[in-house]
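Engineer: Dropping a structure here in structure tokens format, bear with me for questions.
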Amino acid sequence: MKRARLIYNPSSGREEMRRRLADILQRLDQGGIEASCHATTGEGDATAAAVDAVERGYDMIIAAGGDGTLYEVVNGMAGKENLPPLGVFPLGTTNDFARGLGIPRNWEDYCDLVIRQQTRPIDVGKANDRYFINIAGGGTLTELTYDVPSRLKTMIGQLAYYIKGVEKMVSLSPQELIIHAEGQETIHDEFMLFLITNTNSVGGFEKLAPGARIDDGMLDVIALKKCNLAEFVRVVTLALRGEHLNDKKVIYFRTPSMEVTSPGKVLLNLDGELGGTLPGKFSVLHQHLRIFA
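Counting from 1, position 136 in the sequence shown corresponds to residue 136 in UniProt numbering; the numbering is continuous, with no gaps.
What follows is the structure, encoded as structure tokens:
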């Protein structure tokens, strides 16, 4: 029988994990997987639990929660050798990574996928001394994810982001960025945001980086230049259809590594979590992790 460590956020998905935990454990057990549980209690707890699980030699680690829980678990695993495969129960507000990989939201279907031991290799992004699995970015607009209180996300889901977005739109301001990327000329301009993506799904937009591949050793970079509200709305409308990359306000390229600096203070967003400030050095750990998907 294989041993799994299930690390879950009890408040994710409107507390769905609390209701489904016994059923999930039973289904895994029937499939030959003995799972023990760790319920997260606060910031950094999932990272510590993942470090412990790797060191104790579990056959697999399963993260159950939103993108923030997954981010912490990945940061507990990525710096280690001989990593076990990682499972992802998508129970958060947007579940960008799970959506990008087509991971089923139905818990029974995902349990069966884990039982079959069906995995695929994926890239892991590195930002300074931290890791990200789906998205890194900076700029005023990327601050929405950690501006929204967790309790509000639990109560009303993705609507919480839209509510906060309306507040932000009245005070949009550009930030000066200098981007040095391998294979690209240096870019120095004012931007509303920059995004470094590992999948095509970001912030609920499923076509934001249509060419992104999770295992190609490349980062897809999208940067929105200084714009007014009308221009911003135009770009967002195009992004919903995946037609934004040729817009004059959008810069898009692919690179294996890059550095972003700014004369001002720019917060970094890593998988929806606060990841420090610029300057930032970004790179790819090619096919570093195996995911049940």
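Glycine residues also receive a C-beta, built at the ideal position from the N, C-alpha and C atoms.
(1) Any idea if GLN30 is buried or exposed, counting beta-carbon neighbours within 10 angstroms, 16 or more meaning buried?
(2) Within 10 angstroms of its Cβ, does ALA98 collect 16 or more other Cβ (buried), or is it exposed?
(3) In the DSSP assignment, find the unbroken beta strand (DSSP E) run with TYR8 in it and report its ends.
(4) Quick check on the DSSP output: the beta strand (DSSP E) that includes GLU190 runs from which residue to which?
(5) Answer with buried or exposed for GLN26, where buried requires no fewer than 16 other C-beta atoms within 10 angstroms of its C-beta.
(6) Does TYR131 come out as helix, strand or coil in the three-state DSSP assignment?
(7) With distances taken from CA atoms, which of HIS286, ILE62, GLU190, VAL202 is nearest GLY139?
(8) Does TYR162 pass the burial test, meaning 16 or more other C-beta atoms within 10 Å, or should it be called exposed?
(9) Is SER201 near GLY100, with beta carbons less than 7 Å apart?
(10) Among residues of its own chain, excluding the 5 on either side of GLY44, which ones have a beta-carbon nearer than 8 Å to its beta-carbon?
(11) ILE122 by DSSP, collapsed to three states: which one?
(12) What is the residue span of the alpha helix (DSSP H) that PHE232 lies within?
(13) Among PHE282, GLY32, ARG130, whose alpha-carbon lies nearest the alpha-carbon of ARG116?
(14) For ARG108 and MET192, I'd like the C-alpha separation in whole angstroms.
(15) Verify whether the separation of the beta carbon atoms of ALA239 and PHE205 is less than 7 Å.
(16) On the CB-based measure, 16 or more other CB atoms within 10 Å of its CB, does THR197 come out buried or exposed?
(17) Is the stretch 239-256 touching the stretch 219-230, taking contact as three or more C-beta pairs under 8 Å?
(18) Does the beta carbon of ALA64 fall short of 6 Å from some heavy atom of the ligand FMN?
(19) Could you give the C-beta distance for LEU86 and ALA63, rounded to a whole number, given that I count them as a contact under 8 Å?
(20) With a threshold of 7 Å on Cβ separation, who are the neighbours of LYS281 within its own chain once the five nearest residues in sequence on each side are excluded?
(21) Find the nearest neighbour of ASP123 within the set CYS111, CYS227, ALA212, judged by alpha-carbon distance.
(22) Run the CB neighbour count on LEU159, radius 10 Å, all protein chains shown included, and call it buried at 16 or more, exposed below.
(23) What separation, rounded to the nearest whole angstrom, lies between the Cα atoms of ASP271 and PHE89?
(24) Could you check the C-alpha separation between ILE7 and SER173 for me, to the nearest Å?
(25) Can you give me the start and stop residues for the alpha helix (DSSP H) that MET218 sits inside?
Structural biologist: For this structure:
(1) exposed
(2) buried
(3) 2-8
(4) 187-197
(5) exposed
(6) strand
(7) GLU190
(8) For TYR162, the predicted model reports a pLDDT of 45, less than 50, meaning its position is unreliable; a value from the coordinates is still stated below. Result: exposed.
(9) yes
(10) GLU72
(11) strand
(12) 229-241
(13) GLY32
(14) First, the residue type needs correcting, since residue 108 is Glu and not Arg in the sequence shown. Distance between the alpha carbons of GLU108 and MET192: 41 Å.
(15) yes
(16) buried
(17) yes
(18) Within the structure as shown, the ligand FMN is missing, as the structure has no ligands at all.
(19) 7 Å
(20) ASN128, GLU259
(21) ALA212
(22) Because LEU159 sits at a pLDDT of 45, beneath the cut-off of 50, its placement in the model cannot be relied upon, and the point is left open.
(23) 16 Å
(24) 38 Å
(25) Element bounds for MET218: n/a, residue is neither H nor E.
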